[in-house]
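Quick notes on the structure that follows.
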Amino acid sequence: MKIETQANLAMNSLANSATTAISPSKPGFAKAMAQVQRIEEGPVRVIQSGDTLTSIVREQAQRQGVKLNLSEEYKWTQALAADSGIKNPNAIFPGQKIQLSNMLAQWQSGQTQPPQAASEAQAGT
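Numbering (the working numbering), first residue to last: 565 to 689.
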C-alpha cells in the first residue's frame with residue numbers, strides 16, 4: 565500500500581510539472597515561445613538528404629558571391645552549427661532547420677571570418 569501511494573504521488577508530481585511547463589497562462593511560457601520564434605526568424609534552410617553543413621556553407625557563399633578558403637569554410641561550418649543549436653556538425657538529419665541569418669548578415673557586411681565566440685564555443689564541445 566505504501567509503495568502504491570508513493571507511485572501515485574510521483575505520477576501526480578509528473579502530471580503537475582508537465583502541466584506547469586506547457587501552461588500558456590504562465591509568464592515563462594510566453595518568454596520561451598518568444599525565444600523559439602526568434603530562433604526561427606530569418607533565413608532558414610531545411611536539411612535535405614545528402615546535405616552537410618560544409619556543403620550548405622559553400623552553397624550559400626557561392627550564392628552571396630563570397631570567396632572562402634578551406635579554413636574559413638571550416639570556421640563557418642562550426643559557427644553555423646552553433647547558431648543552429650547543433651552540437652555535432654557531422655551529425656545532421658533531413659528535416660532539421662539550419663539558421664542562416666548570422667552567417668548571411670556577416671557576409672553582407674564584408675566579414676569572411678565568423679565571430680570568435682561562436683567558433684570557439686563549438687570547438688570546445
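All C-beta atoms in this analysis are idealised placements derived from N, C-alpha and C, irrespective of residue type, glycine included. Owing to the predicted nature of the structure, the values given are computational and were not obtained by experimental measurement.
### Query
Pairing CB atoms from the segment 673-680 with CB atoms from the segment 654-663, are three or more of them under 8 Å?
no
### Task
Quick one: grab the DSSP three-state call for I620.
Along the sequence shown, read from residue 1 onward, the residue named residue 620 stands at position 56. Three-state result, I620: helix.
### Residue of L644, E636, Q672 and K651 minimising C-alpha distance to R609
Looking up residue 609 in the sequence shown gives position 45. With distances taken between Cα atoms, R609 lies closest to L644.
### Sequence-distant residues of the same chain with beta carbon closer than 6 Å to A625, five excluded per side
In the sequence shown, counting from the first residue as 1, residue 625 sits at position 61. L632, listed in sequence order.
### Message
If you reduce the DSSP assignment to three classes, tell me which class Q663 lands in.
### Response
As a position in the sequence shown, residue 663 is number 99, starting the count at 1. The answer is strand: DSSP assigns Q663 an E or B state.
### Task
Less than 8 Å between the CB atoms is what I'm expecting for R622 and E637, so what's the real figure, rounded?
The residue given as residue 622 occupies position 58 in the sequence shown. The residue given as residue 637 occupies position 73 in the sequence shown. That belief holds up - the Cβ atoms of R622 and E637 are roughly 7 Å apart, short of 8 Å.
### Message
With DSSP as the reference, identify every bridge partner of V610, one or two as the case may be.
### Response
Here residue 610 refers to the residue found at position 46 when the sequence shown is read from its first residue. Its beta-bridge partners are K661.
### Task
Starting from Q642, trace the alpha helix (DSSP H) both ways and give me its first and last residue.
Translated into the one-based positions of the sequence shown, residue 642 becomes position 78. That run of the alpha helix (DSSP H) goes L634 to D647.
### Query
Going by Cα to Cα distance, which pick from P653, W640, G614 and K651 is closest to S665?
For the purposes of this step, residue 665 is taken as residue 101 along the sequence shown, with counting starting at 1. It is W640 whose Cα lies nearest to the Cα of S665.
#### Entry: Neighbourhood of K653 by C-beta, 6 Å cutoff - its chain only, sequence neighbours within 5 removed
Within the sequence shown, numbered from 1, the residue matching residue 653 stands at position 89. Before going on, a small fix: residue 653 reads as Pro here, not Lys. So the qualifying residues of the chain are L617, T641 and A645.
#### Entry: Three-state class that DSSP yields for Q677 in the structure shown
Taking the first residue of the sequence shown as 1, we reach residue 677 at position 113. It is coil, neither helix nor strand.
### Task
Consult DSSP for S625 and reduce its assignment to one of helix, strand or coil.
Counting from one through the sequence shown, the residue named residue 625 turns up at place 61. Note that residue 625 corresponds to Ala in the displayed sequence, not to Ser. Helix at A625.
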